[in-house]
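The next block holds one structure in the form of structure tokens; read it before the comments.
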Amino acid sequence: MVPVFFGVTLVAFGFIRVLPGDPVEVLAGERGVSPERHAELLAQLGFDKPLWQQYFSYIGDIFQGDLGTSLITNRPVVEEFFELFPATAELGLCAILFALIIGIPAGIIAAIKRGTWIDQGIMSISLTGYSMPIFWWGLLLIMLFSNTLNLTPVSGRLSFLFDVPPVTGFMLIDTLLSDEKGSFLNALHHLVLPSIVLGTIPLAVIARQTRSAMLEVLSEDYVRTARAKGLSTYRVVAIHALRNAMITVVTVIGLQVSLLLAGAILTETIFGWPGIGKWIIFSVFSRDYFAVQGGLLLIATSIMIVNLIVDLLYGFINPRILHQKSKS
Amino acid sequence: MSTTSNASTSIRVQQWQEFWFYFSASKTAVAGLIFLILVILMALFADVISPHGPAEQYREFAKLPPAWVEGGQLQFFLGTDYAGRDMLSRIIHGSRLSLLAGCVVVVLSMSIGVLLGLIAGYRGGWVETLIMRVMDTIMAVPGLLLALVLVAILGPGLLNAMVAIAITYTPSFVRLTRASTLSELNRDYVTASKVAGAGPARLMFISILPNCMAPIIVQGTLSFSTAILDTAALGFLGMGAQAPIPEWGTLIAENRDLIMSAPWTVTFPGIAILLAVLAINLVGDGLRDALDPKLKRS
Numbered sequence: 001m002v003p004v005f006f007g008v009t010l011v012a013f014g015f016i017r018v019l020p021g022d023p024v025e026v027l028a029g030e031r032g033v034s035p036e037r038h039a040e041l042l043a044q045l046g047f048d049k050p051l052w053q054q055y056f057s058y059i060g061d062i063f064q065g066d067l068g069t070s071l072i073t074n075r076p077v078v079e080e081f082f083e084l085f086p087a088t089a090e091l092g093l094c095a096i097l098f099a100l101i102i103g104i105p106a107g108i109i110a111a112i113k114r115g116t117w118i119d120q121g122i123m124s125i126s127l128t129g130y131s132m133p134i135f136w137w138g139l140l141l142i143m144l145f146s147n148t149l150n151l152t153p154v155s156g157r158l159s160f161l162f163d164v165p166p167v168t169g170f171m172l173i174d175t176l177l178s179d180e181k182g183s184f185l186n187a188l189h190h191l192v193l194p195s196i197v198l199g200t201i202p203l204a205v206i207a208r209q210t211r212s213a214m215l216e217v218l219s220e221d222y223v224r225t226a227r228a229k230g231l232s233t234y235r236v237v238a239i240h241a242l243r244n245a246m247i248t249v250v251t252v253i254g255l256q257v258s259l260l261l262a263g264a265i266l267t268e269t270i271f272g273w274p275g276i277g278k279w280i281i282f283s284v285f286s287r288d289y290f291a292v293q294g295g296l297l298l299i300a301t302s303i304m305i306v307n308l309i310v311d312l313l314y315g316f317i318n319p320r321i322l323h324q325k326s327k328s
Numbered sequence: 329m330s331t332t333s334n335a336s337t338s339i340r341v342q343q344w345q346e347f348w349f350y351f352s353a354s355k356t357a358v359a360g361l362i363f364l365i366l367v368i369l370m371a372l373f374a375d376v377i378s379p380h381g382p383a384e385q386y387r388e389f390a391k392l393p394p395a396w397v398e399g400g401q402l403q404f405f406l407g408t409d410y411a412g413r414d415m416l417s418r419i420i421h422g423s424r425l426s427l428l429a430g431c432v433v434v435v436l437s438m439s440i441g442v443l444l445g446l447i448a449g450y451r452g453g454w455v456e457t458l459i460m461r462v463m464d465t466i467m468a469v470p471g472l473l474l475a476l477v478l479v480a481i482l483g484p485g486l487l488n489a490m491v492a493i494a495i496t497y498t499p500s501f502v503r504l505t506r507a508s509t510l511s512e513l514n515r516d517y518v519t520a521s522k523v524a525g526a527g528p529a530r531l532m533f534i535s536i537l538p539n540c541m542a543p544i545i546v547q548g549t550l551s552f553s554t555a556i557l558d559t560a561a562l563g564f565l566g567m568g569a570q571a572p573i574p575e576w577g578t579l580i581a582e583n584r585d586l587i588m589s590a591p592w593t594v595t596f597p598g599i600a601i602l603l604a605v606l607a608i609n610l611v612g613d614g615l616r617d618a619l620d621p622k623l624k625r626s
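As given, the protein sequences belong to chains V and U, one line each in that order.
So the first sequence is numbered by the numbering used here: it starts at 1 and just counts up by one.
So the second sequence is numbered by the numbering used here: it starts at 329 and just counts up by one.
Here you go:
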């Protein structure tokens, strides 16, 4: 994890230096500056020093929690990131929840009904979901549910009619804490379509993985023993097989985090969701060098942390790993 | 000499027959393959098939609905966009770009990835550590985000988008090849060929590589479909092919504002992406089942 972290700092550091143009041009905007002033501003940002010196002062700043200041908003990048992070986290969690609630049962049913039309139907749908261009899927759902049926809002997290003070940054929690009536339902309404769009590919992956994990487990001896003892299908599947099949599924969920953040870039752009994805796209387009640099590092770090948590959870769910470790 | 070459061709024919036996067992995989061949033919003969030129504007027929909807015309079967360009022709021509993007990305990432993976697995030591750490770093950043940043460096455009996506796909090939190489390295046939005096290049490419190909081919097929999706996504975000190039993702982006007044201009390019990707994924699934010896007899 540590070498990878430094690898990412190198990428983020290199990014600004390789990019055509420089931060001062962005700061100056259309007006432009005189060459003297240009050099002066570059020196102010430390860009006149040798590269290795710049890199070490960059690393030094990172460990003091300073990832630079946005060229556009003039605010610390860390501050902006953590202000927007809850919105993305909320969206991502809801998407994963949606994927789990539908994907796991679908995978189990497909495994139990293996080879029947139910199995084939579920697998066809999930392969279609897996092949979905999600930006188009989002537009399609907006077209259907928001514009034609008027069921869901087109963009944003909450209607402007409500004034909910940010406490946790998670809109569902904040609206519950506030005394605005109906705001919780409104926030929920805003979350439905983006969560479905972002959750579509994870849903497909989880359904497929659950099915193959279940098939593998269902052919094990201990499941046959459980059946032979006369236990009901429900008990065999839900108590005996599912727990072991879940081990594979948890790993898969962990692998989804990175994909989820990539998906969030598209989903947030389509739904005007004020999160990290939309912010980083905006930063790339407005050539906000320091925001992209800091954003890259923070996103990569948060993925690493989530993966670490999944690894720890894995040991908790699969005691065999812990036993192996304590033996060796 | 001729007998050995005959024997090896007959073995190859036999391998193909065996492969086709398992592959054709899956009807969906065959259906995907047929559809994919149709799309490839469509891309190859785009100029012949498409009823109009992809950039030809018929101003008097702007925003015409598809032929089966009231007001539609048969000569513009899938309708026209805001400038009166025929959607069907644009989508047919777009298939060239999407398939090309898929091919370029897979060829680039696979050749670089396999080479680095072989070297990492064969050489070991600090070379391996260095290669794998670089790959870990690439994997630490979400693919689409890294591709976006790379395109920001290289400048927007279809070619740069393909290069950027290829870079983000390389690590999966490196990892796969390295793992297979490591498991093959100590087999008897490799030792035998080493004893017979084979050099490192011969060992890597002639002895080891052919035996690692099955998972690499499957990964290549799956990357082909995601490459089409990612190219379209970059095009949609304005970082890939630039309008008026009829790349499928760019088509969706340029017609996004027409979503209410002319929904067909957004719907059909998306269906094209979905069907092409679905077909490739079906083939990929079939390939995996046919090439994976573990699943063969189950």
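Ideal Cβ positions, reconstructed from N, Cα and C, are used throughout, including at glycine.
In the three-state reduction of the DSSP assignment, P153(V) falls in the coil class.
Here S352(U) is exposed, its C-beta having fewer than 16 other C-beta atoms within 10 Å. Annotated as proximal: S423(U) and V367(U), with beta-carbon spacing under 7 Å. Boundaries of the alpha helix (DSSP H) harbouring L602(U): 592-619, taken from the DSSP string. Distance check between S426(U) and each of V611(U), G598(U), L619(U) places G598(U) closest, using alpha-carbon atoms only. Less than 7 Å divides the Cβ of V197(V) from the Cβ of W137(V).
In this structure, the CA atom of L177(V) is about 9 Å from the CA atom of F184(V). Of all residues in the region 295-307 of chain V, those with a C-beta nearer than 7 Å to a C-beta of chain U are L296, I299, A300, I303, M304, reading in chain order. For M370(U), the enclosing alpha helix (DSSP H) has its first and last residue at 355-372.
L203(V) has a beta carbon lying at 7 Å or more from every beta carbon in chain U. The beta carbons of Y314(V) and P23(V) sit no closer together than 7 Å. Close to I96(V), with beta-carbon spacing below 9 Å, lies no residue of chain U; the smallest spacing is near 15 Å. What M143(V) touches in chain U, judged by beta-carbon distance under 7 Å, is I587, P591, going in chain order. The beta carbons of G275(V) and V78(V) sit about 16 Å from each other, so the pair does not count as a contact at 8 Å. A contact is defined here as three or more CB-CB pairs under 8 Å, and the region 526-538 of chain U fails this definition with respect to the region 467-482 of chain U. Here D414(U) carries a strand assignment [DSSP, helix/strand/coil]. Within the region 475-498 of chain U, the residues whose Cβ lies closer than 7 Å to some Cβ of chain V are L476, V477, A480, I481, listed in chain order. Along the region 167-231 of chain V, the alpha helix (DSSP H) occurs as fully enclosed runs of 4 or more residues at 171-177, 183-218, 221-228, listed in sequence order.
Look at the beta carbons and you see the region 201-212 of chain V touching the region 110-128 of chain V: at least three pairs across the two are nearer than 8 Å. Below the 7 Å Cβ cutoff, chain V contributes no neighbours of A507(U), its closest Cβ being approximately 16 Å away. Residue contact with chain U for W136(V): present (Cβ-Cβ distance below 7 Å to some residue of chain U). Distance between D617(U) and W348(U), taken at the CA atoms: about 11 Å. Here the alpha carbons of T267(V) and A429(U) stand approximately 23 Å from one another. Taking C-alpha positions only, R224(V) is separated from L218(V) by approximately 8 Å. Shortest Cα-Cα distance from E216(V) to any of A39(V), G199(V), V237(V), T152(V) involves V237(V). Taking a beta-carbon distance threshold of 7 Å, R503(U) does not count as an interface residue toward chain V. When DSSP reads this structure, T69(V) sits in a beta bridge with P76(V). Of the candidates N244(V), Y130(V), L193(V), the residue whose Cα lies closest to the Cα of L151(V) is L193(V). At a cut-off of 7 Å between beta-carbon atoms, A468(U) makes contact with chain V. The region 447-463 of chain U makes contact with the region 494-512 of chain U; the number of CB pairs closer than 8 Å reaches 3 or more.
In the three-state reduction of the DSSP assignment, T9(V) falls in the helix class, which pools H, G and I. Residue nearest to R320(V) within the set I247(V), I303(V), I265(V), W273(V) is I247(V) (criterion: CA-CA distance). Annotation: H380(U) is outside any alpha helix (DSSP H) and is labelled neither H nor E by DSSP.
The DSSP assignment places no complete run of the beta strand (DSSP E) inside the region 120-151 of chain V (cut-off: 3 residues).
Residue-level contact by beta carbon fails for F533(U) and chain V, as no gap is shorter than 7 Å. Interface residue (Cβ-Cβ distance to chain U less than 7 Å): L177(V) is not classified as such.
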